[in-house]
Structures are given as C-alpha cells and as structure tokens.
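One structure is given below, encoded as structure tokens.
2 protein chains.
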Amino acid sequence: MKQEKKKIFQEYAAARGLKSTRQRDIILDSFLSTDRHLSIEELYLQLREKHPGIGYATVYRTLKLFAESGIAREIHFGDGQTRYEHQAEGEHHDHLVCTRCGAIVEFENEAIEKLQDEIAAGYGFLIKNHKLELYGLCAKCRK
Amino acid sequence: MKQEKKKIFQEYAAARGLKSTRQRDIILDSFLSTDRHLSIEELYLQLREKHPGIGYATVYRTLKLFAESGIAREIHFGDGQTRYEHQAEGEHHDHLVCTRCGAIVEFENEAIEKLQDEIAAGYGFLIKNHKLELYGLCAKCRK
DNA sequence: GGGTATATTGAAAGTCACTTTCAACTAGCG
DNA sequence: CGCTAGTTGAAAGTGACTTTCAATATACCC
Numbered sequence: 013m014k015q016e017k018k019k020i021f022q023e024y025a026a027a028r029g030l031k032s033t034r035q036r037d038i039i040l041d042s043f044l045s046t047d048r049h050l051s052i053e054e055l056y057l058q059l060r061e062k063h064p065g066i067g068y069a070t071v072y073r074t075l076k077l078f079a080e081s082g083i084a085r086e087i088h089f090g091d092g093q094t095r096y097e098h099q100a101e102g103e104h105h106d107h108l109v110c111t112r113c114g115a116i117v118e119f120e121n122e123a124i125e126k127l128q129d130e131i132a133a134g135y136g137f138l139i140k141n142h143k144l145e146l147y148g149l150c151a152k153c154r155k
Numbered sequence: 013m014k015q016e017k018k019k020i021f022q023e024y025a026a027a028r029g030l031k032s033t034r035q036r037d038i039i040l041d042s043f044l045s046t047d048r049h050l051s052i053e054e055l056y057l058q059l060r061e062k063h064p065g066i067g068y069a070t071v072y073r074t075l076k077l078f079a080e081s082g083i084a085r086e087i088h089f090g091d092g093q094t095r096y097e098h099q100a101e102g103e104h105h106d107h108l109v110c111t112r113c114g115a116i117v118e119f120e121n122e123a124i125e126k127l128q129d130e131i132a133a134g135y136g137f138l139i140k141n142h143k144l145e146l147y148g149l150c151a152k153c154r155k
C-alpha cells in the first residue's frame with residue numbers, strides 16, 4: 013500500500029520531468045508513515061526533528077505535488093489550516109470531527125452518496141466531488 | 013421575514029448592551045436585502061456604492077455580530093473567502109456549488125440528515141452540526 | 001567522471017483575507 | 001447638556017500560505 017503510493021508518485025514525477033531529491037524522499041516517507049490528517053505545519057515540525065535542514069516551503073510544495081499526483085488530498089476543517097490525507101484511486105470517504113479534542117474518524121456511506129446524486133440530478137447538476145463533515149463530540153469527550 | 017430578523021438582531025443587540033448606529037442599520041438592511049451568499053468583500057463593495065464612508069472593518073465586525081445573533085451563518089466554500097448567508101432558527105440547508113460559474117443552490121434532505129445521525133451514533137459521536145457541499149457543474153454550465 | 005541544462009531548495013520577502021489597535025467619534029442615560 | 005461606554009475607520013498586525021531568487025543538486029550527454 014505504502015509502496016504502491018510511492019510508486020504512483022514516482023511515476024507521476026517521472027512523467028512530469030521532476031527530479032528525485034533527498035528532501036522529496038524524506039517527505040514522502042514521512043507522509044506515508046503517518047495516517048493522521050496532518051497539517052503542513054504539523055508534518056513540517058515532525059520532519060524537523062529528524063531533518064533540521066528541510067524548509068517549510070519545500071514541505072508545502074511537496075505536499076502540493078502529492079495532491080497533484082493523486083496520492084494525497086487536501087482537506088479543510090474550518091480551523092484555518094490545510095491538511096493532507098492519504099488518497100487512493102477512486103476511493104472517497106467523509107469525516108466525523110470532534111470539536112473538543114480534534115479527533116477525526118473517517119467513514120463511507122453509499123446510501124448517502126446515492127441520495128446526493130439524486131438531489132444533484134434534481135437540480136440539473138453534474139457532481140464532480142463533495143464534502144461531508146459531521147461536527148460534534150466524540151464518545152470520549154461526551155463522557 | 014426581513015422585519016423579523018431585524019427584530020431578532022435588535023433584541024440581541026439590546027441584550028448585549030450594544031448601541032444602534034447608522035452603519036449597523038445600513039449594513040443590516042443591505043444584508044437582508046440580498047439573498048445571495050455574499051462574501052464580506054462583496055457586501056462591502058456593494059455598500060460603498062451608496063455609502064462611501066463605511067469601512068471594511070465595520071462591515072467585517074457587523075457581519076460577525078449578525079452571526080452571533082443568529083440571523084446569519086458563516087460559510088466556507090474553499091475559495092478562501094468567508095461568506096454569510098441568512099439563517100433562521102432551527103433551519104438548516106446544504107449547498108450545491110457550481111465550480112465553473114459559482115452558482116449556489118440550497119437544498120434540504122431529511123433522509124440524508126437521518127443517515128448522518130445513524131452514522132454518528134455508530135461511532136459514539138454526538139453531532140452538533142454538519143456541512144454538506146456538492147461541487148460540480150450546474151445545468152447551464154454543463155450545456 | 002566532467003560539463004551542462006534544468007529542476008530544487010531554503011530563506012526571505014510578498015500575498016491575501018481577515019483581525020486588532022487606537023484616537024476620534026457617537027449613542028444613550030441622567 | 002455632560003458623561004460614560006460602545007463604535008468607527010484607517011492603519012498596523014496576524015496567520016497561513018505563496019512566490020522570488022541566488023545557491024545547489026540532478027540527470028543527461030560526451
């Protein structure tokens with residue numbers, strides 16, 4: 013899985029004439045090794061611990077490349093930061109976000125997707141993608 | 013409807029010890045007179061035409077007050093701008109957004125809301141609110 | 001391997017969309 | 001009216017990216 017995404021990115025890079033660099037490899041490994049929904053800043057800080065030389069701009073640019081290549085996806089939860097999550101071909105999921113502790117749970121629901129398509133069709137829309145986020149308290153924070 | 017929201021805001025202002033000012037009245041009227049999903053900037057520019065003296069900061073602060081009072085709601089469509097839409101007590105709707113022309117259609121769907129609650133319950137979450145946005149091409153842009 | 005044309009990098013400067021500050025104004029009350 | 005606390009507008013400040021640019025690294029070609 014991890015190797016597969018690595019390969020997808022490398023192929024994308026090759027096709028675009030991009031070079032393989034030490035920094036990109038480090039960031040790619042780091043990104044693929046965590047399955048949290050990291051913001052650029054979080055990934056940057058995490059990277060700095062092992063690799064002090066890497067700059068914020070590089071992390072930012074590289075994450076963007078990941079998104080373009082299809083192995084990552086940008087997400088916004090309204091906290092003002094851009095986060096990146098792993099993304100696989102044709103896969104999609106939505107989020108449950110705990111507004112107290114920030115916990116994020118992913119879920120998929122075909123029935124909802126189907127209803128969405130029906131609604132869109134009713135208005136003549138052709139849906140390209142959607143965003144569904146449920147905000148509230150997770151089991152732990154409800155206590 | 014418009015008068016009702018005006019009243020709600022005035023009561024909210026009174027309860028908070030806020031003063032009634034010329035600027036706030038103008039912004040309130042302007043906001044209530046349009047039913048588009050205006051960004052702060054759009055409302056500001058629209059206002060400036062009739063009332064050149066009003067500053068951006070005032071529009072920004074006033075819109076925030078509207079949201080606090082419950083007559084408006086902030087929305088984010090990922091274009092980097094904060095928009096405000098009218099909001100009525102206990103009412104909720106979601107959006108269809110055309111990614112080409114920016115058209116926005118509002119819709120409500122109880123079946124989806126119900127499914128959302130079920131999903132949340134399954135993860136032990138207590139949902140406070142949610143956001144559902146469908147992005148694609150509107151009937152006109154599909155041609 | 002050395003020489004080159006390109007792509008990358010990191011630091012710093014620049015953007016954008018708010019947010020806050022502050023001195024000069026009002027409202028509203030007595 | 002005279003005060004006191006809330007408001008305003010211009011400008012400075014923030015936060016989170018984005019872009020610029022001179023210095024480096026890579027990937028090729030010989």
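Read top to bottom, the protein sequences are chains A and B.
Using the working numbering, the first residue of the first sequence is number 13, and each one after it goes up by one.
Using the working numbering, the first residue of the second sequence is number 13, and each one after it goes up by one.
Glycine is no exception: its CB is placed at the ideal position from the N, C-alpha and C atoms.
Buried versus exposed, by CB contacts within 10 Å (16 or more), residue i
{"i": "B:Ala132", "result": "buried"}
{"i": "A:Leu44", "result": "buried"}
{"i": "A:Asp41", "result": "exposed"}
{"i": "B:Gln128", "result": "buried"}
{"i": "A:Ser81", "result": "buried"}
{"i": "B:Leu17", "result": "Correcting the residue type first, residue 17 of chain B is Lys in the shown sequence and not Leu. Flag for B:Lys17 reads buried."}
{"i": "A:His142", "result": "buried"}
{"i": "A:Gln93", "result": "exposed"}
Between the CA atoms of residue j and residue i - distance to the nearest angstrom
{"i": "B:Lys2", "j": "A:Leu144", "result": "Past the edges of chain B, shown from 13 to 155, lies residue 2 of chain B, and the structure says nothing about it."}
{"i": "A:Gly114", "j": "B:Gly134", "result": "18 Å"}
{"i": "A:Cys150", "j": "A:Asp47", "result": "19 Å"}
{"i": "A:Ala27", "j": "A:Tyr68", "result": "25 Å"}
{"i": "B:Leu77", "j": "B:Leu30", "result": "10 Å"}
{"i": "B:Ala84", "j": "B:Gln15", "result": "14 Å"}
{"i": "A:His105", "j": "A:Glu23", "result": "25 Å"}
{"i": "B:Glu101", "j": "B:Ile20", "result": "10 Å"}
{"i": "A:His88", "j": "B:Gly90", "result": "8 Å"}
{"i": "B:Ser32", "j": "B:Glu120", "result": "35 Å"}
{"i": "B:Gly136", "j": "B:Gly148", "result": "32 Å"}
{"i": "A:Glu103", "j": "B:Arg34", "result": "53 Å"}
{"i": "A:Ala25", "j": "A:Ala79", "result": "12 Å"}
{"i": "A:Lys126", "j": "B:Pro64", "result": "49 Å"}
{"i": "B:Thr111", "j": "A:Leu57", "result": "34 Å"}
{"i": "A:Ile52", "j": "A:Met13", "result": "22 Å"}
{"i": "A:Arg154", "j": "B:Lys155", "result": "48 Å"}
Close-in-space but distant-in-sequence residues of the same chain around residue i (CB under 6 Å, 5 per side omitted)
{"i": "A:Thr74", "result": "Arg36, Ile39"}
{"i": "B:Leu108", "result": "Val117, Leu146"}
{"i": "B:Glu54", "result": "none"}
{"i": "A:His49", "result": "Arg95, Glu97, Ile116"}
Cβ shell of residue i (< 8 Å), same chain only, five flanking positions each side left out
{"i": "B:Leu59", "result": "Ile38, Ile39, Ser42, Ile66, Val71"}
{"i": "B:Ile139", "result": "Gln128, Asp129, Ala132"}
{"i": "B:Ala123", "result": "none"}
Contacts around residue i, its chain only, beta-carbon distance under 7 Å, and the 5 residues preceding and following it disregarded
{"i": "A:Lys62", "result": "none"}
{"i": "B:Gln99", "result": "Gly82, Ile83, Ala84, Arg85"}
- Length-filtered (3 minimum) beta strand (DSSP E) runs lying within the segment 62-115 of chain B: 84-88, 94-98, 106-110
- At a Cβ cut of 9 Å, what residues of the segment 51-76 of chain B count as close to chain A, listed as they run along the chain? none
- Query: Going along the chain, which residues of the segment 125-144 of chain B sit with their C-beta nearer than 7 Å to a C-beta in chain A?
  - Reply: Leu127, Gln128, Ile131, Ala132, Tyr135, Gly136, Phe137, Leu138, Ile139, Lys140, Asn141, His142, Lys143, Leu144
- Item | Completely contained beta strand (DSSP E) runs for the segment 19-44 of chain A, where each covers 3 or more residues | none
- Item | the segment 85-103 of chain B: positions lying closer than 7 Å to chain A by Cβ | His88, Gly90
- Can you list, in chain order, the residues of the segment 23-48 of chain B whose Cβ is nearer than 7 Å to any Cβ on chain A? none
- Message: By the 8 Å beta-carbon criterion, what residues does the segment 109-124 of chain B contribute toward chain A?
- Response: Cys110, Thr111, Val117, Phe119, Asn121, Ala123, Ile124
- Message: Could you tell me which whole alpha helix (DSSP H) segments of length 4 or greater appear in the segment 120-153 of chain B?
- Response: 122-134
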